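Counting the sequence shown from 1 gives a position; our numbering is that position plus 42. Beta carbons: idealized from backbone N, C-alpha and C, even for Gly. Being a predicted model, the structure only gives us computed values, none of them experimental. Before any comments, here is the structure.
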Amino acid sequence: MFNRSKEMPKHETLACGLTKRIKLCGEERETDSQEVRRLSHVSAANWLGERELIVTKLTFFLNNMSKSGREEDVRSSSSQSMVEKTLEVAKASVFGERKEKEMKKDTRLGISAKKDEDFPSWYSQVCRFGELITLSDTKGLYILEPSATKIWNTLRSYMDAELEKLGGVEEKKFPMLIKRDSLEKEKDHIEGFKPEVAWVTRAGEHDLPTPYALRPTSETIIYPYFKNRIRTHRDLPMKVNQWVNVVRWEVSDPIPLIRGREFDWQEGHSAFATKEEADEEVLEVLNIYSRVYEDLLAVPVIKGRKSDKEKFAGADYTTSVEAFIPTTGRGVQAATSHCLGQNFAKMFEIAFEDKEVKRDKKGKIIKPMVWQNSWGLSTRSIGVMAMTHGDEKGLVLPPKVARHQVVVIPVPFKGADTKRISQECQAVKATLQGAGVRVIVDERENYACGWKYADWEMKGVPLRIELGPRDLEKNQVRVVRRDTGVKMDVLRVDLVEKVKDLLEGIQRDLYDESKRKLEESIQKVETWDEFKEALRLKKLVLAPWCDEVEVENDVKENTKGENEAGAKTLCTPFEQPELREDTLCFASGKPAKKWTYWGRSY
Numbered sequence: 043m044f045n046r047s048k049e050m051p052k053h054e055t056l057a058c059g060l061t062k063r064i065k066l067c068g069e070e071r072e073t074d075s076q077e078v079r080r081l082s083h084v085s086a087a088n089w090l091g092e093r094e095l096i097v098t099k100l101t102f103f104l105n106n107m108s109k110s111g112r113e114e115d116v117r118s119s120s121s122q123s124m125v126e127k128t129l130e131v132a133k134a135s136v137f138g139e140r141k142e143k144e145m146k147k148d149t150r151l152g153i154s155a156k157k158d159e160d161f162p163s164w165y166s167q168v169c170r171f172g173e174l175i176t177l178s179d180t181k182g183l184y185i186l187e188p189s190a191t192k193i194w195n196t197l198r199s200y201m202d203a204e205l206e207k208l209g210g211v212e213e214k215k216f217p218m219l220i221k222r223d224s225l226e227k228e229k230d231h232i233e234g235f236k237p238e239v240a241w242v243t244r245a246g247e248h249d250l251p252t253p254y255a256l257r258p259t260s261e262t263i264i265y266p267y268f269k270n271r272i273r274t275h276r277d278l279p280m281k282v283n284q285w286v287n288v289v290r291w292e293v294s295d296p297i298p299l300i301r302g303r304e305f306d307w308q309e310g311h312s313a314f315a316t317k318e319e320a321d322e323e324v325l326e327v328l329n330i331y332s333r334v335y336e337d338l339l340a341v342p343v344i345k346g347r348k349s350d351k352e353k354f355a356g357a358d359y360t361t362s363v364e365a366f367i368p369t370t371g372r373g374v375q376a377a378t379s380h381c382l383g384q385n386f387a388k389m390f391e392i393a394f395e396d397k398e399v400k401r402d403k404k405g406k407i408i409k410p411m412v413w414q415n416s417w418g419l420s421t422r423s424i425g426v427m428a429m430t431h432g433d434e435k436g437l438v439l440p441p442k443v444a445r446h447q448v449v450v451i452p453v454p455f456k457g458a459d460t461k462r463i464s465q466e467c468q469a470v471k472a473t474l475q476g477a478g479v480r481v482i483v484d485e486r487e488n489y490a491c492g493w494k495y496a497d498w499e500m501k502g503v504p505l506r507i508e509l510g511p512r513d514l515e516k517n518q519v520r521v522v523r524r525d526t527g528v529k530m531d532v533l534r535v536d537l538v539e540k541v542k543d544l545l546e547g548i549q550r551d552l553y554d555e556s557k558r559k560l561e562e563s564i565q566k567v568e569t570w571d572e573f574k575e576a577l578r579l580k581k582l583v584l585a586p587w588c589d590e591v592e593v594e595n596d597v598k599e600n601t602k603g604e605n606e607a608g609a610k611t612l613c614t615p616f617e618q619p620e621l622r623e624d625t626l627c628f629a630s631g632k633p634a635k636k637w638t639y640w641g642r643s644y
């Protein structure tokens, strides 16, 4: 750390501290440049309260440092001029002589917001600077970058394989435009989406004879198809799945990957001859979603059933997997599996001739209605993962879904054989790729090693491998974990086995740590005062409830804050604690029927 002098002005202390660190470069490992960046990001920003201004200019400074960082290079005329200019700008920034708005135009910033202090800004920066998304020109519409598309495609491959095991699920793709009449066919259903429906009303210069909705969900598109395809019991069960985008024009402030106006999702729809078959599939699919989160994204979730108030519009009941973000004290509906009963079947007249034909008094065949389900998972899952694992340095990716599991960075000293170092880095890449590891080598020029380290940490790559002259001499590499920062030297002969072990360990540790935080966040209460206090402490509250909608509404209304939505039911967990006969509802005082999770939510 800098030794801040009481006699020296802040900007002079900053300048002296940086100059001292620059002079040390070359006498130590090249990673010293990372220390300079860390000090400039953390210490200077904390001292001066001008984080983004200083980070911007000092990032510029580091980007232009000579590769060796030796004192004699820094003292060369061009480098000396650059150092002096950068430090002068840093001084000016301290005194506020440059506006933040101007500074933001100079370069991409690091993660300046703190997760515990300003979560919304932190999360937005993690998504953008971690290169999950890029903002588009339209609010609430986001461009998925390769890292995010890799995650989504990994989830898709896993889901497709699991649905194949489920049996009978066919992938199809349905239109995205829905006639108004079709969408409004089921009143309760459309009421759930009406405020968010985007309409197409014109083609060129002409008004359309009927408005078309941009698909908010596909029940009213797919079920006319079901009606035409299902004739007898031999056509059942019918199961379809599609990977598409949907539009829900959020009127509230969008949140990247959590609440956007357009997003990708997987939606499945199925029809069965019996309720028992439908009920069984609801849970089978929910278990798949649970594994997607826990096995791939390393995010613990709670499986349960939604209240009647929170269930999908038009469903008999809704099950869900719920995630929880301890930092904000908010739940996230991570995925849902709905039993639609026969509601949509009656609406769209989806009937079938049963195996045992029954007739009415007039001899007409009685056709029973099918039982239906729908289920979906969206790119919200990527946002939940980022919120769960990200830290002050940026994104933290579970190895199973990371686009790059390992980044290899050459660490040349001045006068080192850079060509050989580059060749050995490529050899390391080839070795690991041959073992099935996803690897990239960062040989970008004009960037200091420390800048590269921080850049890849911000992008969340699970492992970093450093390779310099000293490593070549010892036939080893330096390996650094993204999640813990632990460094270790590994012999080249042991590299493949060690990297695979580390990747498995990171995946496991990310889940275990998140599970620990989730369990610490759960607070069991039995009274209204305990409930309010737990909510104030940002807990996931487990409370006995009488299962009455009026009480649910009252709780939401009575827990609204000035800038916070009220608490609501998240789910009633399948794993129920013991409920004593004399247990009363925490909110109404009536006999409790179940234990239910409550909290604020996204």
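Check the Cβ-Cβ distances between I153 and every residue of chain D, and say whether any is below 9 Å. The question asks about chain D, but that chain is absent: this structure has only one protein chain.
- request: Compute the Euclidean distance between the alpha carbons of E371 and A585, then round it to the nearest angstrom.
  value: Looking at the sequence shown, residue 371 is not Glu but Gly. Each residue's alpha carbon lies about 16 Å from the other.
- request: Please list the segments of the beta strand (DSSP E) lying wholly inside the stretch 488-559, counting only runs of 3 or more residues, in order along the chain.
  value: Here the runs fully enclosed are 505-509, 518-523 and 529-533.
Residue of A357, W285 and K632 minimising C-alpha distance to D654: No statement about residue 654 is possible, as the shown extent of the chain runs from 43 to 644 and does not include it.
CA-CA distance, S464 and P452? For S464 and P452, the distance between alpha carbons rounds to 6 Å.
- Task: For P237, count neighbouring Cβ atoms within 10 angstroms of its own Cβ and tell me buried if that reaches 16, exposed if not.
- Result: Exposed.
Original post:
Can you tell me the Cα-Cα spacing of L328 and E213, whole angstroms?
Top reply: The straight-line gap from Cα to Cα measures roughly 19 Å.
Notebook entry, point to check: In or out: E606 buried (at least 16 other Cβ within 10 Å) or exposed?
Noted result: With a threshold of 16 other beta carbon atoms within 10 Å, E606 falls short and is exposed.
Handout entry: Neighbour-count burial assignment, I153, 16 or more Cβ in a 10 Å radius
Key = So I153 ends up on the buried side.
message = Closer than 8 Å to a non-hydrogen atom of the ligand NAD - does that hold for the CB of V282?
response = Looking at this structure, you won't find the ligand NAD or any other ligand, since it has none at all.
Exercise. Given D513, which residues of its chain have a CB within under 6 Å of its CB, disregarding the five upstream and five downstream residues?
Worked result: Scanning its chain for C-beta atoms nearer than 6 Å, with the 5 sequence neighbours on each side dropped, one finds around D513 the residues V519, in chain order.
Q: Inspect the beta-carbon positions of K610 and R578 and report whether they are closer than 9 Å.
A: No. Outside cutoff.
Check your understanding: Do you know whose CA, among P368, E395, R347 and E159, lies nearest M427's CA?
Key -> The alpha carbon of M427 has as its nearest neighbour, out of P368, E395, R347 and E159, the alpha carbon of P368.
Worksheet item: For the 8 Å Cβ check, are there 3 or more pairs between the stretch 466-484 and the stretch 402-420?
Response: Too few Cβ pairs lie closer than 8 Å, so no.
Check: What residues in its chain sit with their C-beta under 7 Å from that of C381, if we drop five residues either side in the sequence?
Finding: The residues are A320, D321, V324, A357, D358, Y359 and N415.
- Item | For D525, the nearest candidate out of Y265, K516 and L544 (CA to CA) | Comparing alpha carbon positions, the residue from Y265, K516 and L544 closest to D525 is L544.
query = What is the residue span of the alpha helix (DSSP H) that Q573 lies within?
reply = Per the sequence shown, the amino acid found at residue 573 is Phe instead of Gln. Start and end: W570 to R578.
- Query: Under the rule that 16 or more other beta-carbon atoms within 10 Å means buried, what is D250, buried or exposed?
  - Reply: Asp is not the amino acid found at residue 250; the sequence shown has Leu there. Exposed is the call here.
Margin query: Tell me the rounded alpha-carbon separation between Y495 and M530.
Written below: In a straight line, the C-alpha of Y495 is about 15 Å away from that of M530.
Self-check item: Among K181, Q549 and E599, nearest to P342 - alpha-carbon criterion
Solution: Closest in C-alpha terms to P342, from the list K181, Q549 and E599, comes Q549.
**Asked** How is the alpha helix (DSSP H) around H431 delimited, first residue to last?
**Response** For H431, the enclosing alpha helix (DSSP H) covers residues R422 to H431.
* Where P586 sits in the DSSP three-state scheme -> The DSSP-derived three-state label of P586 is strand.
* To do: Could you give the DSSP three-state label for Q447: helix, strand or coil?
  => Three-state result, Q447: coil.
Q. Which class does L205 belong to by DSSP, given the choice of helix, strand or coil?
A. Of the three classes helix, strand and coil, the one that applies to L205 here is helix, per DSSP.
Using 9 Å as the threshold, is the C-beta distance between V591 and F628 below it? Remark: C-beta atoms of V591 and F628 do not approach each other more closely than 9 Å.
* Going by DSSP, which residues form a beta bridge with Q375? -> Q375 pairs with E364.
- Starting from the C-beta of G510, find all residues in its chain whose C-beta is less than 6 Å away, skip the five residues before and the five after it, and write them out in chain order. Around G510: V453.
Going by DSSP, what residues sit across from W285 in a beta bridge?
Paired residue(s): Q308.
Taking the continuous beta strand (DSSP E) assigned at S643, which residues delimit it? Counting along the chain, S643 sits inside the beta strand (DSSP E) bounded by residues K636 to S643.
Alpha-carbon spacing of V399 relative to L439, whole angstroms: The alpha-carbon atoms of V399 and L439 are separated by roughly 56 Å.
Quiz item: Do Y265 and A355 have their C-beta atoms within less than 9 Å of each other?
Solution: In this structure, Y265 lies away from A355, with their beta-carbon atoms at least 9 Å apart.
*Buried or exposed for T176, please, with buried defined as at least 16 other CB atoms from any protein chain shown within 10 angstroms of its CB.*
Exposed, since its Cβ has fewer than 16 Cβ neighbours within 10 Å.
Distance, K221 Cα to A245 Cα: Approximately 15 Å, taken between the alpha carbons.
key: Same chain, Cβ closer than 8 Å to P410, five either side skipped, listed in chain order   = Excluding positions up to five away in sequence, the list reads A315, A393, F394 and D396.
| request: Using the Cα positions of D497 and G547, report the straight-line distance between them to the nearest angstrom. | output: Rounded to whole angstroms, D497 to G547 spans 23 Å at the Cα level.
For this session: Could you tell me which residues DSSP pairs with F314 in its beta bridges?
Result: Partner(s): W413.
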